[in-house]
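A.B. asks:
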Amino acid sequence: MPPVSLDARTVIEQMEAVRERQPLIQCLTNHVTTGFVANVLLAVGAAPAMVDSAGESEIFAREAADGVLVNLGTPHPAQCDGIRAIDYGADTMPPWVLDPVAVGSLPVRTALAQELLSHSPTVIRGNASEIVALAGSGQGGRGVDSTLGTDEAATAARDLAARTHGAVAVSGPVDLIADASSTVRIANGDPMFTEITGGGCALGAVTAAFVAVSPSPLVGAASAAAVYAIAGEKAAGDAAGPGTFAVHLLDALRSLSAADIMSRADIS
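Start counting the sequence shown at -18; every next residue gets the next number (our numbering).
(1) Tell me whether the beta-carbon of T213 lies closer than 7 Å to the beta-carbon of N52.
(2) What are the complete beta strand (DSSP E) segments, minimum 3 residues, inside the stretch -8 to 79?
(3) At a cut of 8 Å, does the stretch -10 to 1 reach the stretch 194 to 207 through at least three beta carbon pairs?
(4) Indicate the three-state DSSP secondary structure (helix, strand or coil) for D132 in the structure shown.
(5) How should Q95 be labelled, buried or exposed, when 16 other C-beta atoms within 10 angstroms of its C-beta is the threshold for buried?
(6) Going by beta carbon distance, what residues of the same chain come within less than 7 Å of D219, once the five residues before and after it are set aside?
(7) Mind checking whether V49 and V194 have CB atoms under 7 Å apart?
(8) Is it buried or exposed for G124, if we count other Cβ within 10 angstroms and need 16 for buried?
(9) Determine the closest residue to H57 out of D33, E44 and L234, with distance taken between C-alpha atoms.
(10) Could you spell out where the alpha helix (DSSP H) holding I211 opens and where it closes?
(11) Output yes if chain B places a C-beta closer than 7 Å to the C-beta of A114; else output no.
(12) Is the stretch 99 to 108 in contact with the stretch 66 to 78, if contact means three or more CB pairs nearer than 8 Å?
(13) Could you check whether D47 and L5 sit closer than 7 Å to each other, using their CB atoms as the reference points?
(14) Quick check on this structure: which residue in A221, S152 and Q3 has the alpha carbon closest to the alpha carbon of F191?
(15) Give me the DSSP bridge partner(s) of N108.
Printed below as a string of structure tokens:
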């Protein structure tokens, strides 16, 4: 896999591709955040489909979806059945994102994440503690919160990317996105993301939307992280607090311009 470089112009191209193609993203996701995740997908220009039952999830992934998010935030038995029903190795399986929420600290989701890892996710997206735990080199964080910095997960991210032949996105104050040969850092965003429920879940869905239209997992995941983080900066500037931040984030994602990305993107 040759090294990949990413700049603001590439991010703009990927953002415009999502808006033009409007990928349909199947979300098997945290039930606490379903509405917010759906609205974020709509704001970036994608279409959400919350299809997670065992009788429908495999059919939808195989026949309809342009991308799939599997988020382990609320892995109740029925949803686990829906997740397992999907044939991840099918020829018609679209790109898919694994978000291993709180893996390492709770047994059901940890076992399921390891099972899904064997199906080579296109992108794995999580915080540093989740990525380290999934790689088998840590015990997880404090519930859904990381106790590690993104650079502490860099080796685990590259190891997982090599195993899955995809990309791994580590969220934090500086996002780190890696595949087997390249690493990109996105130093945008705002601490207010940590004050709302669903910020990470929604980023997983946005990542699935971008990977659905992108030339490589790394380009898709890094472009998604940049767009989401820059929109967060704009939203925080207009928000009075976390309640209005969530609303302003939707508006910022919907109105984000090429000029916003060119002037704000902090990519290395």
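Here a beta-carbon is modelled for each residue, glycine too, at the ideal position from N, C-alpha and C.
C.D. replies: In brief:
(1) Locating residue 213 in the sequence shown gives position 232, counting from the first residue. Locating residue 52 in the sequence shown gives position 71, counting from the first residue. One point to set straight first is that residue 213 is Gly, not Thr, in the sequence displayed. The Cβ atoms of G213 and N52 lie no closer than 7 Å to each other.
(2) 5 to 9, 28 to 30 and 48 to 52, all fully within the stretch -8 to 79.
(3) Short answer: they touch.
(4) Mapped onto the sequence shown, residue 132 falls at position 151. D132: helix per DSSP, three-state reduction.
(5) The residue given as residue 95 occupies position 114 in the sequence shown. By the neighbour-count criterion, in which 16 or more other beta carbons inside 10 Å mark a residue as buried, Q95 falls on the exposed side.
(6) Indexing the sequence shown from 1 puts residue 219 at position 238. Correct list, in chain order: H229.
(7) By 1-based counting over the sequence shown, the position of residue 49 is 68. By 1-based counting over the sequence shown, the position of residue 194 is 213. No; because the gap between Cβ atoms is not below 7 Å, this pair is not in contact.
(8) If you number the sequence shown from 1, residue 124 lands on position 143. At G124, the pLDDT of 47 sits below 50, so the modelled position is not reliable and the matter cannot be decided from this model.
(9) Locating residue 57 in the sequence shown gives position 76, where the first residue counts as 1. Minimum Cα distance to H57 is reached at D33.
(10) Position 230 of the sequence shown holds residue 211. First-last of the alpha helix (DSSP H) with I211: P198 to D219.
(11) Looking for chain B here will not work: only one protein chain is present.
(12) Under the three-pair Cβ rule at 8 Å, the stretch 99 to 108 counts as touching the stretch 66 to 78.
(13) To locate residue 5, count along the sequence shown from 1; it is residue 24. To locate residue 47, count along the sequence shown from 1; it is residue 66. Yes, the Cβ-Cβ distance between L5 and D47 is below 7 Å.
(14) Locating residue 191 in the sequence shown gives position 210, where the first residue counts as 1. Residue Q3 is the option with its Cα nearest to F191.
(15) The sequence position of residue 108 within the sequence shown is 127, counting from 1. Note: N108 sits in a beta bridge opposite S152.
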